[in-house]
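Engineer: Numbering (our numbering), first residue to last: 44 to 758.
Even glycine gets a Cβ: it sits at the ideal position worked out from N, Cα and C.
No experiment lies behind these values; they were computed from the predicted model shown.
Can you read through this structure? Questions will come right after.
Written out as structure tokens, the structure reads:
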């Protein structure tokens with residue numbers, strides 16, 4: 044078997060296929076075949092049929108599609124241009140399956156969003172920050188007219204709401220019957236502007252002078268967007284609008300819109316939060332704008348983070364995940380009484396609610412395994428649907444997820460670890476397998492020719508008595524009598540998880556098989572799926588306990604595992620992980636680590652966005668948390684960078700963690716005459732996606748030097 048080369052490793056999962064179907068009934072889902080034809084699969088009869096031939100989609104390049112509610116038309120999205128993490132502009136066509144004809148939405152202009160309503164062939168779309176309704180080919184109307192590029196947003200979020208709240212390029216919510224539409228309104232007039240240059244290339248004179256980008260980006264302690272909801276009654280083509288404001292007597296005038304759902308055809312359940320996000324008010328609002336508080340959740344020692352509710356029982360109850368005692372569990376909130384009627388199911392974390400079968404009183408959900416947060420299973424009430432499932436190599440499934448048909452008669456079970464993902468279809472009634480949907484046999488055959496690491500999971504008691512979890516990826520042909528260098532990869536942000544059983548290739552495969560080096564993951568305090576107390580231990584104090592745990596656990600590993608070479612240990616991370624790397628080096632007085640790599644790091648929380656930072660740190664003011672903002676930056680003990688090799692990497696076009704962060708750290712290191720390595724990726728954003736081979740080769744060369752890796756020429 045051969046080791047992984049670098050390029051193959053970092054793109055190593057690109058050939059894997061998961062479940063790509065969309066359920067359209069209690070028995071059927073549709074999917075796109077490899078030849079671009081659209082198929083329907085019927086789980087009841089185990090039959091597959093071509094729904095739309097490939098000749099239709101082949102006329103579009105890189106297109107995606109969604110079916111209308113009645114399955115008579117297809118919305119085609121094509122010619123897409125990415126904007127930020129979740130947003131893009133694209134052209135949209137409607138294809139009529141019966142007549143094989145297509146029409147362009149908004150005369151073929153690029154739109155910020157377009158999506159079906161639950162009503163037959165009606166659409167909502169956003170063009171130039173205004174919301175339009177497509178009633179039919181001859182009738183499209185604008186329901187908002189005050190949109191302004193970069194300032195006033197209707198139906199799509201501004202930058203900070205897209206990145207930190209909605210995780211979506213859309214802020215539109217249809218009522219279940221499609222008669223009403225809730226529209227998010229975001230006013231960035233008072234939000235300060237961040238400017239950065241794009242340098243382009245030499246193919247035109249457009250970038251003779253660098254192009255200056257302007258982005259409304261609220262940094263810690265500065266004004267947030269103004270936000271409220273507009274609700275439109277679309278019973279006819281003359282929409283009636285009602286405005287819904289936040290309950291400012293509860294969440295103040297400086298507040299955040301957290302999530303929006305329709306509980307039934309006439310009422311919304313809206314979650315508003317105060318700016319600090321440690322108080323949430325769940326409000327039931329009629330479409331006429333009359334609201335009443337259902338319940339209030341407060342976390343004086345942390346923050347409120349609840350999932351988007353799923354409403355049942357004709358809107359009388361809504362389900363969502365939130366803490367019951369110390370663990371994320373499923374709430375069943377009665378909207379009339381404001382009472383959660385469900386108790387905790389145990390000391391584990393519920394990750395996703397798939398749905399509730401009201402007829403059979405069954406809740407379907409994904410959760411961590413009791414006493415093992417790195418194992419994910421699918422459950423029906425307390426019964427495990429994914430336990431004891433094995434793949435073709437007889438490996439037990441330890442990373443399961445599911446999708447369910449409309450009335451919960453069938454489900455797909457996908458297992459994403461420890462081996463390559465596979466998907467099977469089951470009938471709920473007898474739990475009998477209907478079909479092996481995707482086994483990724485071709486990928487598995489390719490994988491058989493490659494070396495793979497073995498894994499060891501270790502629990503380590505932390506300095507405060509809580510428990511950290513370690514995952515070691517060990518080189519093939521591992522020999523416990525030898526000494527191995529070790530690279531710790533860190534993220535460490537609040538509620539993040541890196542120790543899992545999910546299959547991966549990536550940089551880990553290259554490091555372990557080609558560089559004969561241990562690759563380690565450490566989840567300490569502040570990380571997710573381990574209960575409320577461990578999560579909230581970092582409240583108002585980022586960069587303290589998480590860093591202490593990386594140092595403490597790494598020292599424990601080198602002292603207790605004789606095969607780790609304590610003189611050849613490095614640490615690296617990206618984004619929050621880049622911050623953790625720099626902060627760990629700054630705190631590493633005894634050189635537990637010899638070197639580190641920070642990619643696109645936060646270096647001071649003063650320079651990051653309001654909604655993320657203030658959720659965990661409060662405000663950078665004298666009467667709030669100014670002291671911790673200063674202590675948490677990476678500039679406190681620069682002398683420790685003198686005793687560590689350090690590589691600093693950033694994209695100059697990063698809209699998320701601005702290049703400013705790395706430039707400030709570099710300036711301070713230079714003024715202190717501290718040598719370090721630096722790599723800038725011109726015009727690259729936070730993902731540095733266009734130059735990944737160069738990035739990882741740069742990091743590899745750095746490890747070879749600072750960890751004294753035994754590498755032959757051209758290896």
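Do you know offhand how far residue 562's Cα is from residue 516's?
Structural biologist: If I take the Cα positions, the gap works out to 5 Å.
Engineer: Tell me whether residue 537 is buried or exposed, calling it buried when 16 or more other Cβ atoms sit within 10 Å of its Cβ.
Structural biologist: By the 10 Å Cβ count, residue 537 comes out buried.
Engineer: Quick check on residue 348: does DSSP put it in helix, strand or coil?
Structural biologist: In this structure, residue 348 counts as coil in the three-state DSSP scheme.
Engineer: Looking at residue 270: is its Cβ nearer than 8 Å to the Cβ of residue 243?
Structural biologist: Result no, Cβ atoms of residue 270 and residue 243 do not sit closer than 8 Å.
Engineer: Please list, in chain order, all residues of the same chain as residue 196 whose beta carbon is under 6 Å from its beta carbon, the five residues on each side excluded.
Structural biologist: The residues are 172 and 229.
Engineer: Should the segment 699 to 709 be called in touch with the segment 605 to 615, which here means at least 3 C-beta pairs below 8 Å?
Structural biologist: With the cut-off at 8 Å, the segment 699 to 709 and the segment 605 to 615 do not touch.
Engineer: Across the segment 212 to 227 and the segment 271 to 279, are there enough close Cβ pairs to call them in contact, namely three or more that are closer than 8 Å?
Structural biologist: Verdict: yes, contact present.
Engineer: Ends of the alpha helix (DSSP H) at residue 598?
Structural biologist: Its alpha helix (DSSP H) spans residues 588 to 603.
Engineer: Have a look at residue 590 and residue 694 and give me their C-alpha separation to the nearest angstrom.
Structural biologist: Approximately 25 Å between the Cα atoms of the pair.
Engineer: If you drop the 5 nearest sequence neighbours on each side, which residues of the same chain put their C-beta closer than 7 Å to that of residue 94?
Structural biologist: Hits under 7 Å: 73, 81, 82 and 83.
Engineer: Quick one: grab the DSSP three-state call for residue 637.
Structural biologist: Residue 637 falls in the coil class under three-state DSSP.
Engineer: Could you tell me which of 557, 251, 356 and 192 sits nearest to residue 231, measuring between CA atoms?
Structural biologist: Residue 192 is the option with its Cα nearest to residue 231.
Engineer: Would you grab the beta carbon distance between residue 752 and residue 496 for me? Rounded to a whole angstrom, and I think it's under 8 Å.
Structural biologist: Not a contact, Cβ separation roughly 16 Å.
Engineer: Could you compute how far the alpha carbon of residue 104 sits from the alpha carbon of residue 153?
Structural biologist: Their Cα atoms are separated by approximately 15 Å.
Engineer: What three-state label does DSSP hand residue 505 in the structure shown?
Structural biologist: Coil at residue 505, not helix or strand.
Engineer: Taking just the CA atoms, how far does residue 696 sit from residue 169?
Structural biologist: For residue 169 and residue 696, the distance between alpha carbons rounds to 26 Å.
Engineer: Sort out for me which residues DSSP pairs residue 372 with in a bridge.
Structural biologist: Partner(s): 365.
Engineer: How would you label residue 251, buried or exposed, when you count the other beta carbons within 10 angstroms and need 16 or more for buried?
Structural biologist: Classification for residue 251: exposed.
Engineer: List the endpoints of the continuous beta strand (DSSP E) containing residue 157.
Structural biologist: It spans 156 to 159 - the beta strand (DSSP E) in which residue 157 sits, taken as one unbroken run.
Engineer: How would you call residue 177, buried or exposed, if buried means at least 16 neighbouring beta carbons within 10 angstroms?
Structural biologist: Buried, since its Cβ has 16 or more Cβ neighbours within 10 Å.
Engineer: Report back the beta-carbon spacing between residue 255 and residue 236 to the nearest angstrom; my notes put them in contact at under 8 Å.
Structural biologist: The Cβ separation is near 11 Å, so there is no contact.
Engineer: With distance defined between alpha-carbon atoms, name the residue in 462, 456, 429 and 449 nearest to residue 437.
Structural biologist: The option with the nearest alpha carbon to residue 437 is 462.
Engineer: Name the DSSP beta bridge partners of residue 273, please?
Structural biologist: Answer by DSSP bridge pairing, in chain order: 226 and 286.
Engineer: Output yes or no for whether 8 Å exceeds the beta carbon distance between residue 268 and residue 276.
Structural biologist: Contact: no.
Engineer: Just list the beta strand (DSSP E) runs in the segment 421 to 495, keeping only unbroken ones of 3 residues or longer that don't cross its boundaries, in chain order.
Structural biologist: For the segment 421 to 495, whole beta strand (DSSP E) runs of length 3 or above, ordered along the chain, are 443 to 447, 453 to 458, 465 to 470 and 476 to 481.
Engineer: From this set, 149, 287, 642 and 161, which residue's C-alpha is nearest residue 116's C-alpha?
Structural biologist: For the residues 149, 287, 642 and 161, the minimum Cα distance to residue 116 belongs to 161.
Engineer: Would you call the CB atoms of residue 596 and residue 621 closer than 8 Å?
Structural biologist: No, Cβ-Cβ distance for residue 596 and residue 621 is not below 8 Å.
Engineer: Measure from the alpha carbon of residue 343 to the alpha carbon of each residue in 351, 328, 434 and 320, then state which is nearest.
Structural biologist: Out of 351, 328, 434 and 320, 320 has the C-alpha closest to the C-alpha of residue 343.
Engineer: Can you have a look at residue 737 and say buried or exposed, based on whether 16 or more other CB atoms are within 10 angstroms of its CB?
Structural biologist: By the 10 Å Cβ count, residue 737 comes out exposed.
Engineer: Identify every residue that forms a DSSP beta bridge with residue 303.
Structural biologist: For residue 303, which the question treats as bridged, DSSP gives the partners 313.
Engineer: Should residue 90 go down as buried or exposed, given a rule of 16 or more other Cβ atoms within 10 Å for buried?
Structural biologist: So residue 90 counts as exposed.
Engineer: Could you tell me whether the segment 387 to 405 touches the segment 320 to 332, where touching means 3 or more Cβ pairs closer than 8 Å?
Structural biologist: With the cut-off at 8 Å, the segment 387 to 405 and the segment 320 to 332 do not touch.
Engineer: Quick check: residue 453 and residue 465, are their CB atoms within less than 8 Å of each other?
Structural biologist: Against a cut-off of 8 Å, the Cβ pair of residue 465 and residue 453 comes out as no contact.
Engineer: Go to residue 740, then tell me how far its alpha helix (DSSP H) extends in each direction, as first and last residue.
Structural biologist: From DSSP, the alpha helix (DSSP H) with residue 740 extends over 735 to 749.
Engineer: Going by other Cβ atoms of all chains shown within 10 Å of its Cβ, with 16 needed for buried, is residue 284 buried or exposed?
Structural biologist: It counts as exposed.
Engineer: Is residue 555 helix, strand or coil by DSSP?
Structural biologist: In this structure, residue 555 counts as helix in the three-state DSSP scheme.
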